[in-house]
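Take any residue in the sequence shown, count from 1 to its spot, add 23: that is its number in the numbering used here.
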Amino acid sequence: MLTRLPQARSVLDRYGLRGCGGNEGPVETLGFFARAHEVPIARLLDEIRHEPRRSIELPVVQRSQPGDDIYRPFFKAGIAVVLSLGAAWGAYLLARIAIGGSFTAAGVQEVNAHGHAQIFGWVGLFVMGFAYQAFPRFKHASLAHPRLALATLWMMLLGLVGRSLGQVLAADHPLAWYSAVGASCLEVTAIAAFVGIILATWRRSGKPLVFYDYYIVSALVWFVVQAPYESVYLSVTAAARGERLVSLVSTWQAPLRDVQIHLPKANERLSLIGLALINAAIAGEIAGLLLMKTAGHAWAALWYGSVLLLLGTSALLVKSWHVFSHSDEADRSLKFLRAAYVWLFVSLTMLALLPAYQHGLLATFAADSAAARLGFSHAYYGATRHAITVGFISLMIVGVAAKVVPTLNGIASSGLSRLWLPFVLINTG
């Protein structure tokens, strides 16, 4: 359409096309664009008809802006992190565990540094890049402070490298503690700037919040809350050793990962109810885990009730989306999204079965283990978190990227690889 009606670009740019799809725009119908950007199709067509016509030989010049393709460096950095600090380091740690025949063969700080890189690097950088790219377009606005947005990428990368190295070395080299904590504070600053940029973009748009925006607001709140939580947790545990370290981890690490989980939208009414229940469940999990370690095991009831609430609410929401129903359109990303939800429920079911594992299997077959004595199994919690970070979140990232990136580059995804090999490898891993 843009080839035959070049004047339509200025209209579509007003509603979020800018920077997407190259010179000819994304390979999608005008109706799909209108639905995705919440513009009445009749209004869109009317504005295109009344836009001053231009000669096809003199196309509209597409002026680039700093935020037009801001997702690219964030996505590339996220891929670099997951291949290095994520997959490669994780495989190395697993190899040490296998060779040593014990989960303690890999140090707790090494495992935590690896997990931190996955959350802040792989997940965090993709979330930030996609938010910078997509949120302004859905609000029909330009990204606020695009150069600061790019600066947050370098702040996050410097923080990730400094934090990952410093955390591993802090127990034996006291100066590394300052490096790790300083790098963690740099990450907190980057995340605060990211949230500020998104809020400034929303204010610039002048548009009210719609129901799915409340999921974004909740995600931003949890993102901000967990960042300084991690910094404080790191400063307390980085130089700790032995039983003191295990005790600190058992008390403070479990709720940390629950802060970093949030779920997508449903229909309007169910979405808002589900959002309230999910936020309550996450808060209940965090409070329950902390209180059962500091104020008595009776608080385990709060934690377990919150786990069941999170599991039930998630099941209700996913069922309402009909994710597993028949699709009339073949889409290579759909299998990733469906598998992601399967892994979500694997993780949540493992959490629900934790009492049976901790007080049943572990007490019966490994009663003398440190995990049984402390009432906390780092290995079991690691497995549940791995299921949700690699299974749910990573598959969701790959699925969304497989759908979005071709669209942003004006490429029809129907002519691309079906991505069966990465799908099989990720799920097998």
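We put the CB at the ideal spot given by N, CA and C, even for glycine. In this text, all values refer to a predicted model and were calculated from it rather than measured experimentally.
Taking its Cβ as the centre, do 16 or more other Cβ atoms sit within 10 Å of residue i, making it buried, or is it exposed?
{"i": "Val255", "result": "exposed"}
{"i": "Ile449", "result": "buried"}
{"i": "Gly352", "result": "It is Glu, not Gly, that sits at residue 352 in the sequence shown. It is exposed - the Cβ of Glu352 has fewer than 16 other Cβ atoms within 10 Å."}
{"i": "Ala121", "result": "exposed"}
{"i": "Ala193", "result": "buried"}
{"i": "Leu35", "result": "buried"}
{"i": "Thr26", "result": "exposed"}
{"i": "Val447", "result": "exposed"}
{"i": "Asn135", "result": "buried"}
{"i": "Gly414", "result": "buried"}
{"i": "Gln190", "result": "buried"}
{"i": "Leu81", "result": "The predicted position of Leu81 is uncertain, since its pLDDT is 45 and thus under 50; no value can be drawn from it."}
{"i": "Val84", "result": "Here Val84 scores only 49 on pLDDT, less than 50, and its place in the model is too uncertain to base an answer on."}
{"i": "Pro63", "result": "exposed"}
{"i": "Arg280", "result": "Only weak support is given to the placement of Arg280: the predicted model assigns it a pLDDT of 42, under 50, and the value that follows is read from those uncertain coordinates. So Arg280 ends up on the buried side."}
{"i": "Arg32", "result": "buried"}
{"i": "Gln88", "result": "exposed"}
{"i": "Phe56", "result": "buried"}
{"i": "Pro429", "result": "buried"}
{"i": "Leu337", "result": "As written in the sequence, residue 337 is Ser, which differs from the Leu given in the question. Ser337 is buried by the Cβ-count criterion."}
{"i": "Gly123", "result": "exposed"}
{"i": "Leu385", "result": "buried"}
{"i": "Phe347", "result": "exposed"}
Could you spell out the range, first to last residue, of the alpha helix (DSSP H) harbouring residue i?
{"i": "Gln249", "result": "236-260"}
{"i": "Leu320", "result": "Checking the displayed sequence, the identity of residue 320 turns out to be His instead of Leu. Careful: His320 lies outside any alpha helix (DSSP H) and carries neither H nor E."}
{"i": "Phe153", "result": "147-161"}
{"i": "Leu35", "result": "31-37"}
{"i": "Glu70", "result": "64-73"}
{"i": "Glu210", "result": "197-228"}
{"i": "Pro429", "result": "418-431"}
{"i": "His407", "result": "Reading off the sequence, residue 407 comes out as Thr, not His. Taken as a continuous stretch (DSSP letters only), the alpha helix (DSSP H) holding Thr407 covers 401-409."}
{"i": "Ala375", "result": "357-375"}
{"i": "Ala193", "result": "Segment: none, Ala193 is in no alpha helix (DSSP H) and carries neither H nor E."}
{"i": "Tyr94", "result": "94-104"}
{"i": "Val447", "result": "443-451"}
{"i": "Arg58", "result": "53-59"}
{"i": "Thr387", "result": "385-388"}
{"i": "Glu47", "result": "Run containing Glu47: none; DSSP gives neither H nor E here."}
{"i": "Asn135", "result": "131-139"}
{"i": "Gly123", "result": "112-123"}
{"i": "Arg396", "result": "393-397"}
Can you tell me which of the options puts its alpha carbon nearest to the alpha carbon of residue i?
{"i": "Asn290", "options": "Ala304, His345, Val150, Leu377", "result": "His345"}
{"i": "Asn150", "options": "Gln381, Ile93, Asn46, Cys43", "result": "With the sequence shown as reference, residue 150 is identified as Val, and Asn is not the correct amino acid for it. It is Ile93."}
{"i": "Ala12", "options": "Phe368, Lys358, Tyr403", "result": "In the structure displayed, the chain extends from 24 to 452; residue 12 sits before or after that span and is not available."}
{"i": "Leu355", "options": "Leu180, Ala203, Val423", "result": "Checking the displayed sequence, the identity of residue 355 turns out to be Arg instead of Leu. The candidate whose alpha carbon is nearest that of Arg355 is Val423."}
{"i": "Lys162", "options": "Thr451, Trp326, Leu232, Ile64", "result": "Leu232"}
{"i": "Tyr238", "options": "Gly205, Glu133, Leu295", "result": "Leu295"}
{"i": "Leu325", "options": "Arg72, Ile305, Ser241, Lys358", "result": "Ile305"}
{"i": "Gly229", "options": "Glu210, Ala164, Gly189", "result": "Ala164"}
{"i": "Leu340", "options": "Phe359, Ser350, Thr317, Leu367", "result": "Leu367"}
{"i": "Ala299", "options": "Phe55, Trp112, Leu333", "result": "Leu333"}
{"i": "Gly297", "options": "Asn46, Ser343, Gly328", "result": "Ser343"}
{"i": "Arg331", "options": "Val218, Leu371, Tyr115, Leu360", "result": "The question names Arg, but residue 331 is Leu in the sequence shown. Selected option, being the one with the closest Cα: Leu371."}
{"i": "Leu243", "options": "Phe56, Arg226, Val218, Ser417", "result": "Val218"}
{"i": "Arg226", "options": "Ala167, Leu360, Tyr235", "result": "Ala167"}
{"i": "Thr317", "options": "His382, Leu397, Val427", "result": "Leu397"}
{"i": "Arg76", "options": "Phe56, Leu28, Ala410", "result": "Leu28"}
{"i": "His409", "options": "Thr451, Ala389, Leu384", "result": "Thr451"}
{"i": "Gln141", "options": "Arg160, Gly113, Gly152, Gln132", "result": "Gly113"}
{"i": "Trp443", "options": "Val428, Pro429, Val427, Leu418", "result": "Leu418"}
{"i": "Val427", "options": "Ala213, Gly152, Leu173", "result": "Gly152"}
{"i": "Ala215", "options": "Gly185, Gly123, Ala174", "result": "Ala174"}
{"i": "Gly335", "options": "Ala362, Leu357, Ile301, Ala100", "result": "Ile301"}
{"i": "Ala59", "options": "Leu108, Arg160, Val365, Leu293", "result": "Arg160"}
{"i": "Leu181", "options": "Thr212, His196, Pro197, Asp195", "result": "Thr212"}
Looking at the C-beta of residue i, does it have a partner C-beta in chain B at a distance below 8 Å?
{"i": "Trp344", "result": "No chain B is part of this structure, which consists of one protein chain only."}
Given 7 Å as the limit, tell me if residue i has its C-beta closer than that to any heavy atom belonging to the ligand NAD.
{"i": "Phe246", "result": "For the ligand NAD, the structure offers nothing, since it holds no ligand at all."}
Validate contact between the segment 430-443 and the segment 47-55 using beta carbons, cut 8 Å, 3 pairs: yes
If you pair each beta-carbon of the segment 104-118 with each one of the segment 368-376, do three or more pairs fall below 8 Å? As far as the Cβ criterion goes, the segment 104-118 does not touch the segment 368-376, which means the pair count is below three.
Inter-stretch contact (C-beta, 8 Å, three-pair minimum) for the segment 234-253 and the segment 310-317: Judged by pairs of C-beta atoms under 8 Å, the segment 234-253 does not touch the segment 310-317, as fewer than three such pairs exist.
Indicate whether the contact test is met: 3 or more Cβ pairs, each with one atom in the segment 27-43 and one in the segment 152-161, closer than 8 Å. yes
Would you say the segment 201-208 touches the segment 111-129, given that touching needs at least three Cβ pairs under 8 Å? no
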